[in-house]
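Okay, structure first, notes after.
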Amino acid sequence: MLPEITRDPKQLAEQQSEVSAALGAVDLHALDQGDAAAFDASVRKAQAALDPLRPILQKESLMLVGQSHIDAAWLWPWTETVDVVHRTFFTTLQLMNEYPEFRYSQSAMQYYAWMEEKYPDLFAEIKQRVKEGRWEVVGGMWVEPDFNLPDGETTVRELLLGQRYAKEHLGTDVHVGWNPDSFGFSWQLPQIYRKSGIDSFMTQKMTWNETNQLPFRLFWWQSPDGSKVLTYFGKDQNSSLRVAPLVTDLKSMDQLAPGSSIAMPIYGVGDHGGGVTRSMLDEAIKWTSSTAVFPKTTFATAGEFFSRVAPRVDSPAAAWNYRTLASGATTLPTPAPGRMEIPTWDDELYLEFHRGVYTTQAHHKQLMRASEEQLLNAEKISSLAWLDGLEYPGAQLTEAWKKAAFSGFHDLAAGSGIGDIYVDAERDFESIRQTTKEAADAGIADIAAHADTRGDGTPVLIFNPLAWARSDIAEVEVQLDSKEGASDGLRLITHDGRDLPVQVLSTDAATGRVHAIARVSVPSLGYTVLHARGGKPQVRSALIARGTELENAFLRIQVDPRNGCILHLVDKRSGFDSIAPGGCGNQLQTFTDNPKKYDAWNIDADALATMK
Numbered sequence: 293m294l295p296e297i298t299r300d301p302k303q304l305a306e307q308q309s310e311v312s313a314a315l316g317a318v319d320l321h322a323l324d325q326g327d328a329a330a331f332d333a334s335v336r337k338a339q340a341a342l343d344p345l346r347p348i349l350q351k352e353s354l355m356l357v358g359q360s361h362i363d364a365a366w367l368w369p370w371t372e373t374v375d376v377v378h379r380t381f382f383t384t385l386q387l388m389n390e391y392p393e394f395r396y397s398q399s400a401m402q403y404y405a406w407m408e409e410k411y412p413d414l415f416a417e418i419k420q421r422v423k424e425g426r427w428e429v430v431g432g433m434w435v436e437p438d439f440n441l442p443d444g445e446t447t448v449r450e451l452l453l454g455q456r457y458a459k460e461h462l463g464t465d466v467h468v469g470w471n472p473d474s475f476g477f478s479w480q481l482p483q484i485y486r487k488s489g490i491d492s493f494m495t496q497k498m499t500w501n502e503t504n505q506l507p508f509r510l511f512w513w514q515s516p517d518g519s520k521v522l523t524y525f526g527k528d529q530n531s532s533l534r535v536a537p538l539v540t541d542l543k544s545m546d547q548l549a550p551g552s553s554i555a556m557p558i559y560g561v562g563d564h565g566g567g568v569t570r571s572m573l574d575e576a577i578k579w580t581s582s583t584a585v586f587p588k589t590t591f592a593t594a595g596e597f598f599s600r601v602a603p604r605v606d607s608p609a610a611a612w613n614y615r616t617l618a619s620g621a622t623t624l625p626t627p628a629p630g631r632m633e634i635p636t637w638d639d640e641l642y643l644e645f646h647r648g649v650y651t652t653q654a655h656h657k658q659l660m661r662a663s664e665e666q667l668l669n670a671e672k673i674s675s676l677a678w679l680d681g682l683e684y685p686g687a688q689l690t691e692a693w694k695k696a697a698f699s700g701f702h703d704l705a706a707g708s709g710i711g712d713i714y715v716d717a718e719r720d721f722e723s724i725r726q727t728t729k730e731a732a733d734a735g736i737a738d739i740a741a742h743a744d745t746r747g748d749g750t751p752v753l754i755f756n757p758l759a760w761a762r763s764d765i766a767e768v769e770v771q772l773d774s775k776e777g778a779s780d781g782l783r784l785i786t787h788d789g790r791d792l793p794v795q796v797l798s799t800d801a802a803t804g805r806v807h808a809i810a811r812v813s814v815p816s817l818g819y820t821v822l823h824a825r826g827g828k829p830q831v832r833s834a835l836i837a838r839g840t841e842l843e844n845a846f847l848r849i850q851v852d853p854r855n856g857c858i859l860h861l862v863d864k865r866s867g868f869d870s871i872a873p874g875g876c877g878n879q880l881q882t883f884t885d886n887p888k889k890y891d892a893w894n895i896d897a898d899a900l901a902t903m904k
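Just so we're aligned, residue 293 is where the sequence shown starts under my numbering, counting upward by one.
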């Protein structure tokens, strides 16, 4: 298929006729006969016939961006990735010596940090190429993470760690977001990007959608707060530079971003690294030649592409989302001459394919979330203790955050890798737990040392690391005075003399140790001091438990002892029972899950249609 170098049907027919005539001039019979001179002469004749089309074709542009998608841990452990990165970067630098026009773009600051530590000479050469503008640092993150499962703070830390490293160790600011392979993208990402210095974004994963193909490749992506990044969908993260994909790439730009005459093909061997090859560059040299009858083709960086495109784009007044897409109202107006008409996408970028990544490797997901909480709590507690003069454990917590950021790499967080990488991750999570426990324990001890613990009984300090007041169940373990003992139960008394409701889980009469839970109210980023004594709590409760029935002043619940179904859930004030007669609340359901492909990654869209 030829590119639409004109929209006038008559002119297009004439141009296609010229191309056909030129192709007909190539003497394939001479090639079959081994007559090289005759064949070469026919090719020169064909070239001359095509020459008049060069000015027309060169109104279109291809900006070739060399890169390598490197999975930090997927079908191999991270220790192997270090070698993959080394070989890829070494080859890239070698090719830069041979091809002066060659440009390269690479994400993931963790990879640069490995090279700085293990191969300092190679790292110094990378820094020089960055300074020259031939090696572009993209992504701005520690690794290329998943954008759905890690929490928002971890995504921010990916950028904080990444941008700081790029500035301090590579001498550059990163402005291009780069994540070709995450399994979907949170709606808040443009906001996080813009507040971190990123104003453009490249991915290609959304082209894998099963149902709703987004009808554009260049667009503004907007967060709920109105922050926007200029976003581009690449065609394939592991592309070569064959002519047919290049032409198709350019044609799809015009179809999906009206008025666009520029495409950014990304090329290079990826997943297990490799990057740009000599054969790819030889191919590129042909298309960048001034004599090539081909769209204007240049070596470029992603930043150069976005800088060239951004001043030319216009946007319709209304933003689009998945509801707009479902309604079919996705027609863009014809742009003014020299302009491009691109939409604003005001929604998440949900991947309609690898739905199973939200459940597989659940233990990793649990540990990932726990580590996020541990890190934030340790930071808050350590900050408050620092105000009292305790040294802040910044270096230790930063290293722990790097481990947490690495665990959010898209194949790790998503659960799409081999078993070995989760064993490695568990070691990292244990290291995070130990680091944060040490920091939090030291901080709490310092805070407790300044707290007013005067009162009758053993003091118990409950700390709330959240930024809002909290009334919740707290677990306490108390060593009572031996004279009080633990056999009579446990009382937890507030500063104003009130008993809290307490449930004793276990006691050790010999030592006076009591393990219990209680409902405690604690101010935001603060603490309350309780006093523990032996004895029965002096509290009254409206809660009544009778076998499999529970009742308080507001609700009555009845559970079927045979299967755990909730038979009745009654609002006592209105008498309304939310369980229909014969119904079953809290019912466990199972569904057939036989995906068409990628059994560990996919849950097909119709999976809930078949309940077992």
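Think of the CB as a built atom: it goes at the ideal place given N, C-alpha and C, for glycine as much as any other residue.
Check                                                                                                              : Outcome
Cβ neighbour criterion (16 or more within 10 Å) applied to Leu797                                                  : exposed
C-alpha gap between Asp563 and Gly432, whole angstroms                                                             : 19 Å
Residue range of the alpha helix (DSSP H) that includes Ser723                                                     : Gly711 to His742
Euclidean distance between Cα positions of His461 and Arg379                                                       : 21 Å
Every unbroken alpha helix (DSSP H) within the region 509 to 570, with a cutoff of 4 residues, ordered by chain    : 535 to 548
contact_flag[the region 394 to 403, the region 417 to 431] where n(CB pairs < 8 Å) is 3 or more                    : yes
Beta-carbon proximity list for Tyr403, same chain, < 7 Å, skipping 5 on both sides                                 : Ile362 and Val377
Nearest to Asp863 (by Cα), restricted to the options Pro608, Ala845, Thr728 and Pro442                             : Ala845
Endpoints, alpha helix (DSSP H) assigned at Met401                                                                 : Met401 to Lys410
Coarse secondary structure for Leu294, derived from DSSP in three states                                           : For Leu294, the predicted structure reports a pLDDT of 34, less than 50, and the residue's modelled location is therefore unreliable. The matter cannot be settled from this model.
N-terminal and C-terminal residue of the beta strand (DSSP E) that Tyr396 is part of                               : Tyr396 to Gln398
Inter-residue spacing [alpha-carbon to alpha-carbon] between Arg631 and Pro344                                     : 26 Å
In chain order, each beta strand (DSSP E) run of at least 3 residues that lies wholly inside the region 795 to 839 : 805 to 814, 818 to 826 and 836 to 838
Chain C within 8 Å of Ala628, Cβ atoms only                                                                        : In summary, chain C is missing from the structure at hand, where a single protein chain is found.
Proximity winner among Asp896, Ala328 and Pro751, relative to Gly648 (alpha-carbon distances)                      : Asp896
Host alpha helix (DSSP H) of Leu660 (start-end)                                                                    : Note that residue 660 is Met in the sequence shown, not Leu. Unbroken alpha helix (DSSP H) run through Met660: Ala654 to Leu679.
Cβ distance (whole Å) where Ile469 is taken to contact Phe439 below 8 Å                                            : Inspection of the sequence shows that residue 469 is occupied by Gly rather than by Ile. So it is not a contact: roughly 10 Å between Cβ atoms.
Distance between Pro437 and Arg426 (C-alpha atoms, nearest Å)                                                      : 25 Å
Any 3 or more C-beta pairs closer than 8 Å across the region 565 to 585 and the region 489 to 506                  : no
Distance CB(Met401)-CB(Trp434) smaller than 8 Å                                                                    : yes
According to DSSP, residues forming a beta bridge with Ile754                                                      : Thr820
Three-way DSSP call (helix, strand, coil) for Arg762 in this model                                                 : strand
Buried versus exposed call for Arg783 [16 or more other C-beta atoms within 10 Å across all chains shown]          : buried
Own chain partners of Pro685 with C-beta closer than 7 Å, once the 5 adjacent residues on each side are dropped    : Ser674 and Ala731
Unbroken alpha helix (DSSP H) run spanning Arg346, endpoints                                                       : Arg346 to Leu349
Local conformation of Gly316 per DSSP, three classes                                                               : helix
Nearest-angstrom Cα separation, counted from Phe701 out to Phe477                                                  : 13 Å
Counted within 10 angstroms of its Cβ, other Cβ atoms place Thr690 as buried (16 or more) or exposed               : exposed
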